[in-house]
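Shown next, in structure tokens, is the structure this report addresses.
In the working numbering, the protein residues as written are 163 to 400.
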């Protein structure tokens with residue numbers, strides 16, 4: 163797994179970002195903004211201590227930092243050394259601490275008010291997911307929160323619910339980006355294959371177009387509402 167992600171981040175550029183295009187694809191931006199809207203009440207607490215697991219190249223980290231009013235520490239971890247080196251170069255905040263580490267073997271010295279885990283845990287087999295949930299629980303403060311964003315797959319969602327243990331579900335929401343993600347993914351594949359600068363520019367313009375994204379999201383929500391792209395789950399430690 164580590165080698166796969168290192169290869170993904172080795173091709174990082176400021177223009178295209180990482181191999182997923184997280185820093186410019188409209189679906190990613192929308193998903194990150196919606197995730198933050200769910201976490202916002204927690205992010206505005208005083209002397210906040212945050213752990214982000216699977217921070218990649220720090221694109222969501224930057225958005226989260228902009229919403230925090232009183233930050234004490236922000237620890238961010240990723241399995242890829244290349245991703246962490248990119249994060250460090252961004253100089254996002256002096257209270258950020260960057261760690262190379264594996265989610266299934268967390269070794270953190272702090273306890274946290276919130277742990278953020280977006281698009282990561284489903285890479286692990288079931289037995290490691292259960293261990294992660296226990297590890298997260300142990301390093302959260304009393305009434306701390308654990309936030310997940312996972313692709314909307316019934317098995318993945320049910321697994322998180324099954325392994326939640328002593329966590330209480332505080333909030334859950336589905337994302338209606340399924341249709342746009344299908345369109346965007348096809349365009350993104352073309353973008354990576356095409357050599358013509360002009361054609362790449364046209365394709366990228368469509369992918370970045372938030373009006374198009376909102377239009378297809380509206381269709382998804384109102385006409386094919388049973389199709390979901392992602393699930394947001396906010397858990398609370400008692």
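Quick reminder that beta carbons are idealized off the backbone N, C-alpha and C, glycines included.
Remember, it's a predicted structure, so these values are computed and weren't measured experimentally.
What are the boundary residues of the alpha helix (DSSP H) that includes residue i?
i           : result
residue 375 : 372 to 384
residue 274 : Here residue 274 belongs to no alpha helix (DSSP H); instead the beta strand (DSSP E) covers 274 to 280.
residue 290 : 288 to 300
residue 186 : Looking at the DSSP string, residue 186 is not in any alpha helix (DSSP H), and its letter there is neither H nor E.
residue 360 : 359 to 369
With DSSP run on the structure shown, which of helix, strand or coil describes residue i?
i           : result
residue 391 : coil
residue 306 : strand
residue 179 : strand
residue 204 : helix
residue 235 : strand
residue 343 : helix
residue 311 : strand
residue 192 : helix
residue 230 : coil
residue 321 : helix
residue 254 : coil
Within 10 angstroms of the Cβ of residue i, are there 16 or more other Cβ atoms? Answer buried if so, exposed if not.
i           : result
residue 317 : exposed
residue 401 : The requested residue 401 does not occur in the structure, where the chain is confined to residues 163 to 400.
residue 377 : exposed
residue 244 : buried
residue 288 : exposed
residue 372 : exposed
residue 380 : exposed
residue 357 : exposed
residue 315 : exposed
residue 253 : exposed
residue 229 : exposed
Report the partner residues of residue i according to the DSSP bridge assignment.
i           : result
residue 262 : 240
residue 399 : 329
residue 335 : 394
residue 352 : Per DSSP, none; premise fails for residue 352.
Taking the beta strand (DSSP E) that residue i belongs to, which residues open and close that run?
i           : result
residue 214 : 210 to 215
Would you grab the beta carbon distance between residue i and residue j for me? Rounded to a whole angstrom, and I think it's under 8 Å.
i           : j           : result
residue 237 : residue 259 : 5 Å
residue 249 : residue 281 : The Cβ separation is near 16 Å, so there is no contact.
residue 240 : residue 262 : 7 Å
residue 120 : residue 391 : This structure cannot settle anything about residue 120, because the visible part of the chain is limited to 163 through 400.
residue 200 : residue 333 : 6 Å
Is residue i near the ligand MN, judged by its Cβ being under 6 Å from some heavy atom?
i           : result
residue 313 : Absence of the ligand MN from the depicted structure is noted, as is the absence of any ligand whatsoever, leaving it without description.
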